[in-house]
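For the sequence shown, the working numbering assigns the number 34 to the initial residue and increments by one for each residue that follows. Even glycine gets a Cβ: it sits at the ideal position worked out from N, Cα and C. All values derive from a computational prediction rather than experimental measurement. These notes are about the structure you will find just below.
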Amino acid sequence: MAEYGNVVRPDAALQQRVQELERDNAEFHRTKQLLELEFNQKRAKFKELYLAKEEDLKRQQAVIQVAQEEIVQLNVHLSQARAEMENIKAVATVSENTKQEAIDEVKKQWQEEVASLQAIMKDTVREYEIQFHHRLEQERAQWGQYRESVEREIAELRRRLSEGQQEENLESDMKKAQEDAEKLRSVVMPMEKEIGTLKEKLTEAEEKIKELEASKMKELNHYLEAEKSCRTDLEMYVAVLNTQKSVLQEDAEKLRKELHEVCHLLEQERQQHNQLKHTWQKANDQFLESQRLMMQDMKRMESVLTTEQLRQVEESKKKDQEEEQRT
């Protein structure tokens, strides 16, 4: 009886130990299930968050792509505007040079025509002066000869008077002297008229020169006004192009800043994504490590159990699995 009692006590202790192990095993399975459930939930959340971040990255990359395309287009427009500006500047320079050359040419022609008219007028005046002086010298010589003749006749008359000639001869000589004076007057008067005519022609020539100068100045002013109007239009067009260039530069700078901000946000999202991925990997490693440790504990526990206890543990696992399947 004493030996039987001693046998019963170890069996009871062993049974108690088995029950404790079963409870620990059940607790281990519950803990494992909870950890797996929690891990699955966290993994689902991480996956959802990961996919959401992936979508955000794709959208941001699409936005960056669109912004880069817009920047490329703006750079193309800006290059075209700069090329057009350079072309307009070249055209303006050529137009300015051409205008100045045309003005210089008009001035040169005007100066040549004025110089030609002045030369013609001077030649005409000089010719009239030469003719006038020549005729004047001729008339003066004739007048001198006639005066000498008259003086001789007067002297002759005086001589005759002194000699006491008759009064009739004196009257005849006086009449002849009056006729000679009339002849002299008939010669001097046409000369005075011709001098007046020359003065009138000289005045007309001066007036024509003034009219020609006024006409040329009017044409030159008209040409300058037209060139000024064209230059004003060109300056307005250049101002419009400068405004468009400034707007394009502002838009390009704005898009460049937005692209920089988007790239900065994308880099932050990428860092957060990598950090989240690292956290998920770390949690997964911790879970696998905890499973490995629990499996080691299970193996150690199973190594100290008897065959009967292992059978009971297997039956308990089957019951737990059946209950899980039912639920």
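Taking only the alpha-carbon atoms, compute the straight-line gap between residue i and residue j and give it to the nearest angstrom.
{"i": "E185", "j": "G177", "result": "The question names Glu, but residue 185 in the sequence shown is Arg. Distance between the alpha carbons of R185 and G177 is about 12 Å."}
{"i": "L107", "j": "L292", "result": "14 Å"}
{"i": "E324", "j": "K65", "result": "Looking at the sequence itself, residue 324 is Gln, so the reference to Glu does not match. In a straight line, the C-alpha of Q324 is about 8 Å away from that of K65."}
{"i": "L111", "j": "N130", "result": "28 Å"}
{"i": "T236", "j": "A152", "result": "15 Å"}
{"i": "Q358", "j": "R333", "result": "28 Å"}
{"i": "K351", "j": "K310", "result": "37 Å"}
{"i": "P223", "j": "K155", "result": "24 Å"}
{"i": "A46", "j": "R63", "result": "25 Å"}
{"i": "K241", "j": "E160", "result": "19 Å"}
{"i": "K436", "j": "I228", "result": "The structure shown does not extend to residue 436, since the chain is modelled only from 34 to 360, so the question has no answer here."}
{"i": "T265", "j": "Q277", "result": "18 Å"}
{"i": "N275", "j": "H255", "result": "30 Å"}
{"i": "Q308", "j": "Q314", "result": "10 Å"}
{"i": "E181", "j": "A188", "result": "10 Å"}
{"i": "V74", "j": "R56", "result": "Note on identity: in this sequence residue 74 is Gln, with Val being the wrong assignment. Cα to Cα, the separation comes out at about 26 Å."}
{"i": "V271", "j": "A259", "result": "18 Å"}
Can you find the residues in the same chain that come closer than 8 Å, C-beta to C-beta, to residue i, ignoring five residues on each side of it along the sequence?
{"i": "L299", "result": "L90, Q93, Q94 and I97"}
{"i": "D330", "result": "F61"}
{"i": "E302", "result": "K86, D89, L90 and Q93"}
{"i": "A100", "result": "L288, E291, L292 and V295"}
{"i": "E146", "result": "L245 and K249"}
Assign residue i to buried or exposed, taking buried as 16 or more other Cβ atoms, counted over all protein chains shown, within 10 Å of its Cβ.
{"i": "N58", "result": "buried"}
{"i": "L54", "result": "buried"}
{"i": "V51", "result": "buried"}
Considering only residues of the same chain and omitting the five flanking positions on each side of residue i, which have a CB-CB separation below 6 Å?
{"i": "L257", "result": "none"}
Completely contained beta strand (DSSP E) runs for the region 256-299, where each covers 3 or more residues: Residue ranges of uninterrupted beta strand (DSSP E) with 3 or more members are absent from the region 256-299; none lies entirely inside it.
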